[in-house]
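Taking my numbering, the leading residue of the sequence shown gets 663, the next gets one more, and so forth.
Every residue, glycine too, gets a C-beta built ideally from N, C-alpha and C.
The structure presented is a predicted model; accordingly, all values stated were derived computationally and were not measured.
For reference, the structure discussed in these notes is given below.
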Amino acid sequence: QTIVSRNIDPLESVVVSVTSFRTESEAYNVIPERVEIRGTVRTFDAAMRKVAEDRFKTIVTSTVQAFGGTVDLVWKPGYPAMVNAERETDYAAQVAAKIAGPGGVDTNCPAIMGGEDFAYMLQVCPGAYIQVGNGATAEVHHPEYNFNDDAIPFGASYWAELVETRMPAA
């Protein structure tokens, strides 16, 4: 919490989450000798990611040392920010409008902090990450997520139309 609230411009989007806390013992009344903590940092900006990493390392190391402990901190940067290319996004939206109609395509949706390996591809080759409307359900990776099978024809038709538009039959 301190990393974001005290070190990041409030207009920047940065999320620091502790997502796993494990000890050698399952006992609730024993102070563990060793603890493994895992988490994730998500942001849209590489510079903000670096600030979060530096502050995280400083806070963890200082806190552990203050209590007389030692730390073996391993930082794995995870997925980079996924940023669509404007031209490719416009093209993807035009193709999607052929399937869903002009009112069925939203290119002004809010940015998403999810980690996605497609972000690596976008760093090398301009492209567009799209989402097929799935209705009012929880997001992917949420325990309440329920895929809407009615979305399958839209998704399949989109990919077929994308290929046919880009590579028309001779």
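Test item: CB-CB of residue i and residue j under 9 Å
| i | j | result |
| --- | --- | --- |
| residue 778 | residue 741 | yes |
| residue 744 | residue 792 | no |
| residue 780 | residue 766 | no |
| residue 802 | residue 763 | no |
| residue 853 | residue 713 | The chain is shown only over 663 to 832; residue 853 falls outside these bounds and no answer can be derived. |
| residue 699 | residue 682 | yes |
| residue 806 | residue 800 | yes |
Member of the options whose CA lies at the smallest distance from the CA of residue i
| i | options | result |
| --- | --- | --- |
| residue 674 | 748, 682 and 706 | 706 |
| residue 717 | 663, 758, 782 and 770 | 663 |
| residue 756 | 823, 666 and 714 | 823 |
| residue 784 | 797, 765, 802 and 746 | 746 |
| residue 796 | 790, 815 and 786 | 815 |
| residue 819 | 766, 753, 751 and 761 | 761 |
| residue 821 | 803, 753, 786 and 768 | 753 |
| residue 787 | 732, 688, 667 and 750 | 750 |
| residue 710 | 727, 733 and 672 | 672 |
| residue 739 | 770, 666, 782 and 800 | 782 |
| residue 748 | 729, 770 and 737 | 770 |
Supposed close pair residue i, residue j - CB separation, criterion 8 Å
| i | j | result |
| --- | --- | --- |
| residue 697 | residue 678 | Actually they are not in contact, since the Cβ atoms of residue 697 and residue 678 sit about 18 Å apart, beyond 8 Å. |
| residue 735 | residue 720 | In fact, because the Cβ distance is near 10 Å, the residues do not count as touching under 8 Å. |
| residue 676 | residue 666 | 5 Å |
Residue-level contact to chain D via CB, residue i, 9 Å cutoff
| i | result |
| --- | --- |
| residue 817 | Judged by its chain identifiers, the structure shown contains no chain D, having just a single protein chain. |
heavy atom of the ligand ATP below 8 Å from residue i C-beta
| i | result |
| --- | --- |
| residue 737 | The ligand ATP is absent from the structure shown, which contains no ligands of any kind. |
Those residues which DSSP pairs with residue i across a bridge
| i | result |
| --- | --- |
| residue 698 | 684 |
| residue 679 | 702 |
Beta-carbon contacts of residue i that lie in its chain and below 6 Å, excluding the five residues immediately before and after
| i | result |
| --- | --- |
| residue 708 | none |
| residue 684 | 698 |
Proximal residues to residue i (C-beta, below 7 Å), its chain only, five neighbours per side dropped
| i | result |
| --- | --- |
| residue 827 | 757 |
Close Cβ partners of residue i (< 8 Å) along its chain, the five nearest in sequence each way excluded
| i | result |
| --- | --- |
| residue 759 | 766 and 767 |
| residue 687 | 694 |
| residue 715 | 703, 737 and 739 |
| residue 808 | 799 and 800 |
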